[in-house]
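Below you'll find the structure, written out as structure tokens, and then a few comments.
Residue numbers (the working numbering): -18 to 235.
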């Protein structure tokens, strides 16, 4: 759960009221999740760009890019990439990789862009952090309006059915000498994660939660947003989606 490097989210003047605005901008978030599988992420980008048949030099938006691992690799594949995220700290780190064809900026994912993109990627469960369904719809409409005439968008979400069936209620994960005590549970149609730890004698507590959105939920929202769902995959090798077994819910739309 909460797999995204950094979900883009609330408007700047209200972000202090939202758990994700502080946790995802915290250095401890990146410590806890430092062991992400970069090879798997690159294989996914290879498969995805090949499937979409994106031409070299295509404009790609990495929506909720975190520190930019996907965006950087997409740029290495020959694309013009913009990475955006709510977290100023993540964007500051990602911007160290800026070049003429790779840029990063702080942006609210609900707001459309002036420019149009050939592809928009929202990867690694960077959706469903809002309390309001209208904000989810606003995000989908923003994605739709930011696509070029022949552009494609991709949302890579967790498969809620698989996650709930395999939820680990409690574990302790030690990273960089910090013992992260983690509890997971389902509450009010959200998958929640409580994270407690100590560092330098100080106690910390964070809560992550993401809406338990199913394929049917997305289909209903996309229909309302006027979005056409083209294809659905169940893993990063783009295998067929199975409601119970698939680890991911990868949706291709325009």
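Ideal Cβ positions, reconstructed from N, Cα and C, are used throughout, including at glycine.
All of these numbers come straight from a predicted model, not from anything done at the bench.
Check, Outcome
"Other residues of its chain near residue 228: CB distance less than 8 angstroms, five sequence neighbours each side excluded", "139, 140, 143, 215 and 216"
"Best match in 151, 105 and 203 for proximity to residue 117 [C-alpha to C-alpha]", "203"
"Whole alpha helix (DSSP H) elements within the segment 5 to 83, 4-residue minimum", "8 to 13, 19 to 33, 50 to 57 and 69 to 75"
"For residue 191 and residue 110, believed in contact at Cβ under 8 angstroms, the rounded distance", "6 angstroms"
"Beta-carbon contacts of residue 70 that lie in its chain and below 7 angstroms, excluding the five residues immediately before and after", "6"
"Whole-angstrom C-beta distance between residue 161 and residue 129, which should lie under 8 angstroms", "Going by Cβ atoms, the distance from residue 129 to residue 161 rounds to 42 angstroms, so no, they are not a contact pair."
"Span of the beta strand (DSSP E) around residue 155", "151 to 156"
"Between the CA atoms of residue 145 and residue 154 - distance to the nearest angstrom", "20 angstroms"
"Residue range of the unbroken alpha helix (DSSP H) whose run includes residue 121", "114 to 126"
"Whether residue 66 touches residue 47 by CB criterion (8 angstroms)", "yes"
"Cβ-Cβ distance between residue 44 and residue 60 below 8 angstroms", "no"
"Cβ-Cβ distance between residue 127 and residue 93 below 8 angstroms", "yes"
"Cβ neighbours of residue 252 in the same chain (closer than 8 angstroms, five flanking residues each side left out)", "With the chain running from -18 to 235 in the structure shown, residue 252 is simply not present."
"Under the three-state DSSP convention, the category residue 195 falls into", "coil"
"Closest by C-alpha distance to residue 195, when choosing among 85, 77, 208 and 222", "222"
"Buried/exposed call for residue 101, threshold 16 Cβ in 10 Å", "buried"
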